[in-house]
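Student: Handing you this structure, nothing more for now.
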Amino acid sequence: PATPAPQPAPAAAPAAAPAAAARRFIIVGNWEWTSSFQGQPYDGTMTVEIQGSGYSALLRVSGMFDATARTVEVSGDQVRMVFDSPQGELILEAQFTDPNTLTGRVDVVAAGESATLSAVRR
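The opening position of the sequence shown corresponds to residue 2 in our numbering, with each subsequent residue numbered one higher.
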């Protein structure tokens with residue numbers, strides 16, 4: 002019997018493009034944010050700086066109070082910050098929609114409610 006002719010090896014699948022999580026977003030900078038909480042509009046600024054091997058952040062709620070970040074975590078396009086404020090703990094969870102825009106929410110723990118949030122790098 003004739004031996005079958007060698008068949009070429011199947012072509013290797015092209016390497017997958019790096020996942021979005023592999024993209025490195027930079028949180029450091031000055032941000033302007035707007036929010037809606039209990040039907041009321043709020044706004045302010047947020048400043049994030051490198052401190053040691055992590056970050057420090059200050060969230061200013063215009064005309065009301067400043068909140069200092071206890072933790073700042075950035076993983077891929079996801080951001081999570083926990084702030085101590087005169088209103089109690091605030092938990093910001095957002096994602097980068099582009100390198101200069103964040104959208105997400107802020108949980109106002111003491112009130113048991115969340116506020117929408119969007120921020121743009123200044």
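From the three backbone atoms N, C-alpha and C, an ideal C-beta is built for every residue, glycine too. Since the model is a prediction, treat every value here as computed from it, not as a measurement.
#1: Would you identify the three-state DSSP class for Val73, choosing helix, strand or coil?
#2: Quick check: the Cα distance between Pro87 and Arg61, rounded to an integer number of angstroms?
#3: Using DSSP bridges, identify the partner residues of Phe26.
#4: Which residues in the same chain as Asp67 place their Cβ atom closer than 8 Å to its Cβ, once the five residues preceding and following it in sequence are excluded?
#5: Enumerated in chain order, which unbroken segments of the beta strand (DSSP E) with a length of 3 residues or greater are wholly contained in the stretch 34–83?
Tutor: According to the structure data:
#1: The count along the sequence shown starts at 1 and reaches residue 73 at position 72. When secondary structure is reduced to three states using DSSP, Val73 falls in the strand class.
#2: Position 86 of the sequence shown, counted from the start, is the residue given in the question as residue 87. Position 60 of the sequence shown, counted from the start, is the residue given in the question as residue 61. Annotation: Pro87 to Arg61 spans about 12 Å, alpha carbon to alpha carbon.
#3: Along the sequence shown, read from residue 1 onward, the residue named residue 26 stands at position 25. Per DSSP, none; premise fails for Phe26.
#4: In the sequence shown, residue 67 corresponds to position 66, counting from 1. Within its own chain, the residues whose Cβ lies closer than 8 Å to the Cβ of Asp67, once the five positions on either side in sequence are excluded, are Leu59, Leu60, Arg61 and Ser86, listed in chain order.
#5: Here the runs fully enclosed are 41–52, 55–62 and 66–76.
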